[in-house]
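Report on the structure given below.
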Amino acid sequence: MDPVNIPRREIICLLVFMLFAGIGAFWTHLGQALYRKEQRFYMTELIDGQASTIEQRLARSLSAARILAENVRQHRGLFDGFESFADIVMTSIDGVSSLQLAPNGIVRHIHPLAGNNKAIGHDILLDLRRKDKALQAVEELRFIMAGPFELIQGGIAVIGRAPIFLPTAAGEEFWGFASALIRLEDLLKATELDPQGRKGYSYQLSRVNPSTQKEEVFSRSTTTLTTDSYSIFIKVPDDTWKLIMSRSDPTPKWRSTTGYIASLLAGLMTAWIVYILLKQPDKLRRIVNEKTRELERLAYHDHLTELANRRNLSEQLGRVVKEYERYGRPAALMYLDLDDFKRVNDTMGHEAGDSLLRQVADRLNGCVRSSDLVARLGGDEFAILLLDPESIRDVSKIAEKLIHAIEQPVILESKAFVVSTSVGITMIPVDGTDVPSILSNADMAMYSAKKNGKRSFRFYDNSLQTEAVTKLQLEEDLSAAINQRQFVLHYQPIMDLSTGKLSGYEALIRWQHPERGLLYPDEFIAVAEETGKIVAVGYWVIEEACNQIKQFESEAKLRCRISVNLSPKQFREPELLVNIRDIVLSAGVDARFLEIEVTETSVMEDVEDAIKTLEQLKEMGITVAIDDFGTGYSSLALLKYLPVDRLKIDKSFIRDLATDRSDKKIVQALISMAHKLQLEVVAEGIETAKQLKLLQHYRCDYGQGYLFSKPVPVDNLPLILSGIRT
Ligand code: C2E
Ligand code: CA
Ligand code: CA
93 MDPVNIPRRE
103 IICLLVFMLF
113 AGIGAFWTHL
123 GQALYRKEQR
133 FYMTELIDGQ
143 ASTIEQRLAR
153 SLSAARILAE
163 NVRQHRGLFD
173 GFESFADIVM
183 TSIDGVSSLQ
193 LAPNGIVRHI
203 HPLAGNNKAI
213 GHDILLDLRR
223 KDKALQAVEE
233 LRFIMAGPFE
243 LIQGGIAVIG
253 RAPIFLPTAA
263 GEEFWGFASA
273 LIRLEDLLKA
283 TELDPQGRKG
293 YSYQLSRVNP
303 STQKEEVFSR
313 STTTLTTDSY
323 SIFIKVPDDT
333 WKLIMSRSDP
343 TPKWRSTTGY
353 IASLLAGLMT
363 AWIVYILLKQ
373 PDKLRRIVNE
383 KTRELERLAY
393 HDHLTELANR
403 RNLSEQLGRV
413 VKEYERYGRP
423 AALMYLDLDD
433 FKRVNDTMGH
443 EAGDSLLRQV
453 ADRLNGCVRS
463 SDLVARLGGD
473 EFAILLLDPE
483 SIRDVSKIAE
493 KLIHAIEQPV
503 ILESKAFVVS
513 TSVGITMIPV
523 DGTDVPSILS
533 NADMAMYSAK
543 KNGKRSFRFY
553 DNSLQTEAVT
563 KLQLEEDLSA
573 AINQRQFVLH
583 YQPIMDLSTG
593 KLSGYEALIR
603 WQHPERGLLY
613 PDEFIAVAEE
623 TGKIVAVGYW
633 VIEEACNQIK
643 QFESEAKLRC
653 RISVNLSPKQ
663 FREPELLVNI
673 RDIVLSAGVD
683 ARFLEIEVTE
693 TSVMEDVEDA
703 IKTLEQLKEM
713 GITVAIDDFG
723 TGYSSLALLK
733 YLPVDRLKID
743 KSFIRDLATD
753 RSDKKIVQAL
763 ISMAHKLQLE
773 VVAEGIETAK
783 QLKLLQHYRC
793 DYGQGYLFSK
803 PVPVDNLPLI
813 LSGIRT
């Protein structure tokens, strides 16, 4: 993960969160403020309206007292139509609860009387609570409002009193009062201040009592005022009232809280989404990185052992070479090839083979430092790149350690196996400083180690190079040899030991090299085998041998068998049977006179397949012999299943036959065993009469060797034949 990106992404998310939560909070706050402002405006409007309604209503209602007073004055006292007059006044002026006349301050007339009769006879000027105001009205000759106070007949009311003065001769004389009583509940009915609080407002009406100077609440709603209240003063005659109002539906607190919480959540949500979006490229990058790593692992590692692969080794080598050039650091490259891996793979199966390779990989890793590179190059080939080795001795010690480690028994399916390894070593920079030659040096050294006997190591040196060059040259020359007919066959007689007569010939190849003279098979067969050229060479040999059979027949009137050697590679060739049949047919020979010699080891590589091939060869009429018998791993028991005619006992058993007791026993046993299996036996490499005698004694069927004749060119054969006859 890119370290720079972590804080940057988080900061962006934080900013987004702050922005969105901030905007949300601001909106909530703005909404709230607007709401409150609106409320205030509305409330001031409302309270203003209520106040002026009260004011107007009161003024109007009180004017009823004045009208009544005026009428009394005009009638010079109480007049007959008071009741009907009062009725007219009350119906035309709302809010008046009752009208009274109090001559000399004593209430005598009330309209309507019902419910108010208690007040009849009440002397206002004697009433302690009323008289002050009443006297004030008389003294100041003006209309005065009193109250609010509790009425004798119940309820709260204000009362407006107009003093009535009648004209007399001496001037004006006080007659009494005309009063209008206004019950508060009637007054308030015209307003929205419903005493029951039904309209959702709370209110309170009060005034400061002029005598006590204390605030006196005379009307309030059943619901209590909230803190968020509004007040206004109402000018009423001779007094000031105070109206306080609030809306009982309080500013919904939860609404703002919800708003803030919602803003917070919105901020969080947006930040989260932004976070996820910002993480997408990261995630993608991570996936790409993982895939790249995976691909790199696949490209640079061996999937079976998890070791580095060939490509990885080559690249590391390139790096090592550069490091040497820059810092002068030496290195060593080792090539290892397991000596007997194929045997394990064939006998135990591929899974066991894989398990063996993994164990070998672990052991190799255990022998070197972690800074060294262990690689698997494929099959049973491994390589180790040693960095900064201290000395050649040091490298030798490591090679010994490796060989020893590999030689420890491996347990596969509860069976112990012992495999060994051959190691080739090349030193960098001493032996070379370019990757291809380092690789080929190690390879050459390894092959040489293998050739010189397994379980060993060998350092690269120049002689290997010369060897390699010669080999390369040989490879080139081989290609030309077939076309230019440089090969020849020499024939070695095979004698019937019981009769002493000629039984046949073994055809042995020689190469008439234009520069190097006559070359024997041990000088070129291995290279031909390695390069695959042996297949073409082999067919040439069969063809030549068939032609020779034909020639013997037509020219010398000699009918005898010719044996040819078949290389392991050719034996596995899919076209083998078809090709041999073609050759035999086109030469026009009897297949019974052709014998094919296959080595024990080439049969052992794939026994089932070998049996099939051998069977088909026999079906064609060709004789089959197992060559070099006794040198391979095959068990005698297996012979039973092989469709062959003859066994050729390897010459290494014959060489010391006259002197070596165990060789005698082996050869004797082999012969009797083969006979039991209905197989004929040929002894190779008979050089002495003593050997011949012994073999005859053991009832060996046929013999071949210098005692009878060396392999010779066909032209020399008649001589030999006659020689044998004598
Ligand atoms: P091989 O099939 O075991 O052939 C017998 C070898 O023993 C021949 O060596 C022969 O010269 C040698 N020999 C015969 N009698 C005696 C004896 O009394 N004493 C000793 N010390 N040696 C004796 P050569 O011709 O050098 O061939 C060597 C090997 O090369 C052959 O061993 C065979 O495996 C291979 N070879 C020869 N010709 C061919 C061929 O045409 N095709 C293939 N694929 N391999 C061939
Ligand atoms: Ca042979
Ligand atoms: Ca042989």
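For reference, each letter of the sequence shown is one residue, going 93 to 818 in the numbering used here.
Virtual Cβ for every residue (Gly too), placed ideally from N, Cα, C.
Supposed close pair residue i, residue j - CB separation, criterion 8 Å
| i | j | result |
| --- | --- | --- |
| P255 | A229 | 5 Å |
| V716 | D742 | That pair is no contact at about 17 Å. |
| S512 | D431 | 5 Å |
| L370 | R101 | 5 Å |
| L273 | I251 | 5 Å |
| A157 | S271 | 6 Å |
| L479 | S462 | Contact doesn't hold; Cβ gap of about 11 Å is too wide. |
| R653 | S595 | 7 Å |
| G874 | P204 | There is simply no residue 874 to check, as the chain begins at 93 and stops at 818 in what is shown. |
| G777 | M587 | Actually they do not touch by this definition, with Cβ atoms about 13 Å apart. |
| M440 | E505 | 7 Å |
Whole-angstrom distance between residue j and residue i, CA atom to CA atom
| i | j | result |
| --- | --- | --- |
| I185 | S155 | 9 Å |
| I574 | R651 | 28 Å |
| V629 | M536 | 25 Å |
| R389 | D701 | 38 Å |
| T623 | Q584 | 28 Å |
| V412 | M519 | 12 Å |
| D278 | R149 | 10 Å |
| Y392 | E707 | 46 Å |
| V96 | L356 | Low confidence applies to V96: its pLDDT is 48, below 50, so where it sits in the model is not reliable, and the reading given next is rough at best. Going from the Cα of V96 to the Cα of L356 covers about 28 Å. |
| T691 | E697 | 11 Å |
| R234 | G123 | 54 Å |
| S655 | L570 | 23 Å |
| G169 | K210 | 23 Å |
| L191 | F118 | 60 Å |
| I336 | T318 | 10 Å |
| I368 | P99 | 15 Å |
| I198 | I212 | 8 Å |
| L784 | G592 | 11 Å |
| P329 | P240 | 12 Å |
| E615 | L556 | 16 Å |
| D394 | E567 | 32 Å |
| G470 | A534 | 15 Å |
| D526 | T705 | 46 Å |
| L610 | P422 | 45 Å |
| L456 | A467 | 9 Å |
| E415 | E407 | 12 Å |
Spatial neighbours of residue i in its chain, beta-carbon cut-off 6 Å, leaving aside the 5 residues before and after
| i | result |
| --- | --- |
| A358 | F112 and G116 |
| K802 | none |
| E635 | I675 |
| R275 | S189, G247 and A249 |
| T362 | V108 and F112 |
| L686 | I714 |
| K542 | S514 |
| M426 | I476, V515 and I517 |
| D748 | D755 |
| P481 | A424 and V487 |
| P660 | S694 |
Same chain, Cβ closer than 7 Å to residue i, five either side skipped, listed in chain order
| i | result |
| --- | --- |
| C792 | L589, I763, V773 and A775 |
| K642 | A679, G680 and V681 |
| I159 | V181 |
| Q245 | G207, N208, K210 and A211 |
| Q788 | L589 |
| L658 | G630, I688, E689 and V690 |
| V627 | K661, Q662 and E665 |
- Message: Give the residues whose C-beta lies closer than 5 Å to at least one heavy atom of ligand 1, in chain order.
- Response: L600, I601, Y612, P613, V633, N657, S659, G777, E779, G797, Y798 and P803
- Inspect the CB distances between the stretch 314-325 and the stretch 135-153 and report whether three or more fall short of 8 Å. yes
- Query: Would you call the stretch 212-223 and the stretch 296-311 touching, i.e. three or more CB-CB distances under 8 Å?
  - Reply: no
- Determine contact between the stretch 564-582 and the stretch 595-609, defined as no fewer than three beta-carbon pairs at a distance below 8 Å. Contact between the stretch 564-582 and the stretch 595-609 is present, with at least three C-beta pairs closer than 8 Å.
- Looking at C-beta atoms only, is the number of pairs between the stretch 540-560 and the stretch 515-531 that lie closer than 8 Å three or more? Contact between the stretch 540-560 and the stretch 515-531 is present, because at least three Cβ pairs lie under 8 Å.
- Given 8 Å as the limit, is there contact between the stretch 487-494 and the stretch 430-444, that is, 3 or more CB pairs closer than that? No: fewer than three Cβ pairs fall under 8 Å.
- Message: For the pair the stretch 371-388 and the stretch 132-141, tell me if three or more CB-CB distances fall below 8 Å.
- Response: no
- Message: Assess contact between the stretch 399-409 and the stretch 439-447, defined as three or more Cβ pairs (one per stretch) separated by less than 8 Å. Is contact present?
- Response: no
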